[in-house]
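To start, the structure under review is shown below, and the notes come after it.
Residue numbers (our numbering), protein chains in the order written: chain A, 6 to 329; chain B, 6 to 329.
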């Protein structure tokens, strides 16, 4: 039986769902879980969404976002018989939400990360899908649940953001076909784009423009990276994750193959977050996994303990090897 | 008879075509004319492409780009019985290329600009189309000429660039359906995107990151603008027009309605070039036309004589009035 079919049976079999997604919420996590929530409701099921993070303000346009509950320790009175985890390569990516499932109710794992750990009782993993939202789109089709403007907006948000506005290599013929169908529901794509990408507070933009000149190049210009130290982040109260903007700025440079961001974690001393993007020649998922992280071939991340200098040296050396 | 049908008859009726597009060549002008050229060749016709500008280096990935001839005064020995003008709202937008048609051979005008002046003997104008490339796509379908990797790449390039990677409001369900079909031909979309958008020489990026912190805001943050003086531009040898990047950076700020760039012209003292972009509430075409320029409601420009201080003051005052 195909994994999609197993997922369909799992959905049919259960009545009460708890839905969660990964921490550092973004368009695909939010869009896919809201669309899945709506699908379950249309099938007459009960569902509740719990996330370990607040919904970022740039996703304020998402319909039914007020249905999302923020995780609290001791969330006991949530009744569910299926624990649905979306867009997460591992259970720990849910933050603390997985602790709610202390009674070990069946886990439904829906994800498109190649690095997925298959932690579910039912695992529907499609690394070829552009996004988890694309998979939920397929679930609607399989279950013959028609789209409306709300579900189309949710799924569009996920596909838009996980494909970087349809230009990452994960974008395929099927993605565009799906979006073509979603756009029949009169979506306000300009508003959605503005909300997600053109909604950066001025102080964040000032911070961003102060960091940009610090870009460094290596390997004859094939690697571009930024280093952000604790001191630079302190007292900034950034309301927006600028990583994507920095990575995209670095990627705009002619000849660049791999871009990176090394960031000292504000909350945990000695902890470095690295984000990696590749133009395709270097498999950054492989590199991230050497350092205990993972993701996709062209977009990955890892959290490493150590000094930023040592980590920088090691990671750059590893990328240079891959470039040869 | 529909305009598309008239276009089809015009294509069938003629044997030798001269194809041109607008000056300041970009993806849609190049993609649509190359795809049209290829279509004619497949139909057993003769065709030649003449443009008044060189093909920008970021379009180096386009198949058959070496078929494009650069206009020269006295181009006499080109034999053609149909003068095909693509993606041009008026004949003068072809630069000097229209002067080749001194014998007044029938003009085929294929365009998607709402401001098109209908200068052709056959005018096929579709303002609802995302791009001229989308129209050439329709022509392939109508004439039942199958796509291959080359024609699909050409048309994809046009649709990608004229929709700003599928996020401008001109992007519709049909656009995505067409792209879905084109992507079946194994296109290297990452390479195409990198070539067009992520191909900025390092020195240009350094110049850009030096300008960014100089952004100014007015009208309670509803207007964002940059001023670039002659001195900043001298001896820079910029190979890339960074205006779009600056404007897009400014547009990313939360709450911004209108973004502007004031630039002293390097070649003509006392001449200021202004570029305006609006999120939709302010009609910048109206404002630009007050200063002798024009364009679209959300994207316009003007060249004004005077001091940059005076011009800045006048233009900003006019925008503030429109914001009220």
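Every residue, glycine too, gets a C-beta built ideally from N, C-alpha and C. Predicted model, so just to flag it, every value in this text is computed and none were measured.
| Item | Value |
| --- | --- |
| Determine whether the Cβ of residue 88 (chain A) lies closer than 8 angstroms to any Cβ atom of chain B. | no |
| Would you mind reading off the limits of the beta strand (DSSP E) that contains residue 308 (chain A)? | 304-310 |
| Using the three-state DSSP reduction, which class does residue 299 (chain B) fall into: helix, strand or coil? | strand |
| Please list, in chain order, the chain A residues whose beta carbon lies closer than 8 angstroms to that of residue 226 (chain B). | 207 |
| Closest to residue 110 (chain B) by C-alpha separation, out of B:313, B:69, B:74, B:125, would be which residue? | B:125 |
| Short of 9 angstroms Cβ to Cβ, which residues in the segment 261-288 of chain A face chain B? | 261, 284, 285 |
| Tell me the rounded alpha-carbon separation between residue 274 (chain A) and residue 233 (chain A). | 14 angstroms |
| Hey, which unbroken runs of the beta strand (DSSP E) at 3 residues or more fall wholly within the segment 43-86 of chain A? | 51-56, 73-75 |
| Flag this pair as yes or no: are the beta carbons of residue 116 (chain A) and residue 93 (chain A) separated by less than 8 angstroms? | yes |
| Check whether the Cβ of residue 184 (chain B) lies closer than 8 angstroms to any Cβ atom in chain A. | yes |
| Could you check the C-alpha separation between residue 68 (chain A) and residue 144 (chain A) for me, to the nearest Å? | 19 angstroms |
| Using a threshold of 8 angstroms, state whether the C-beta atoms of residue 127 (chain B) and residue 12 (chain B) are closer than that. | yes |
| Taking the alpha helix (DSSP H) that residue 208 (chain A) falls in, what are its first and last residues? | 207-216 |
| With a threshold of 8 angstroms between beta-carbons, can residue 194 (chain A) be considered close to chain B, or not? | yes |
| Going by beta carbon distance, what residues of the same chain come within less than 7 angstroms of residue 66 (chain A), once the five residues before and after it are set aside? | 196, 197, 200 |
| For chain B, find out if any of its Cβ atoms is closer than 8 angstroms to the Cβ of residue 214 (chain A); answer yes or no. | yes |
| What did DSSP end up calling residue 224 (chain A) once you bin it into helix, strand or coil? | helix |
| Kindly list, in the order they appear in chain B, the residues whose Cβ is closer than 7 angstroms to that of residue 170 (chain A). | 170, 171, 172 |
| Helix, strand or coil: how does DSSP classify residue 107 (chain A) here? | coil |
| Report yes or no: is there a C-beta of chain A within less than 8 angstroms of the C-beta of residue 178 (chain B)? | yes |
| Evaluate residue 132 (chain B) with the Cβ neighbour count: other Cβ atoms within 10 Å of its Cβ, from every protein chain shown; 16 or more gives buried, anything less gives exposed. | exposed |
| Is it the case that the Cβ atoms of residue 157 (chain B) and residue 187 (chain B) are separated by a distance below 8 angstroms? | yes |
| When the distance is taken between beta carbons, is residue 228 (chain A) closer than 8 angstroms to residue 321 (chain A)? | yes |
| Within 10 Å of its beta-carbon, does residue 257 (chain A) have 16 or more other beta-carbons around it, so buried, or fewer, so exposed? | buried |
| Taking 8 angstroms as the cut-off, does the segment 309-325 of chain A touch the segment 44-51 of chain B (at least 3 CB pairs, one atom from each stretch)? | no |
| If distances are taken between C-alpha atoms only, which option among B:302, B:325, B:293 comes closest to residue 225 (chain B)? | B:325 |
| Would you say residue 258 (chain B) lies against chain A (beta-carbon separation less than 8 angstroms)? | yes |
| If we ignore side chains and look at the alpha-carbon of each, how far apart do residue 255 (chain B) and residue 39 (chain B) end up? | 34 angstroms |
| Counting only C-beta atoms, is residue 210 (chain A) closer than 8 angstroms to chain C at any point? | Going by chain labels, chain C is absent from the structure shown, which instead holds the protein chains A and B. |
| Looking at chain B, is there any beta carbon in it that lies within less than 8 angstroms of the beta carbon of residue 199 (chain A)? | yes |
| Check each candidate in A:303, A:83, A:72, A:59 and name the one with the smallest Cα separation from residue 21 (chain A). | A:83 |
| When you compare only the Cα positions, how much space is there between residue 153 (chain B) and residue 193 (chain B)? | 13 angstroms |
| Excluding the 5 residues flanking residue 222 (chain B) on each side, which residues of the same chain have their C-beta closer than 6 angstroms to its C-beta? | 229 |
| Can you pull the DSSP bridge partners for residue 283 (chain B)? | B:263 |
| Straight-line CA distance for residue 15 (chain A) to residue 74 (chain A)? | 23 angstroms |
| Is residue 189 (chain A) close to chain B, meaning its C-beta is less than 8 angstroms from at least one C-beta of that chain? | yes |
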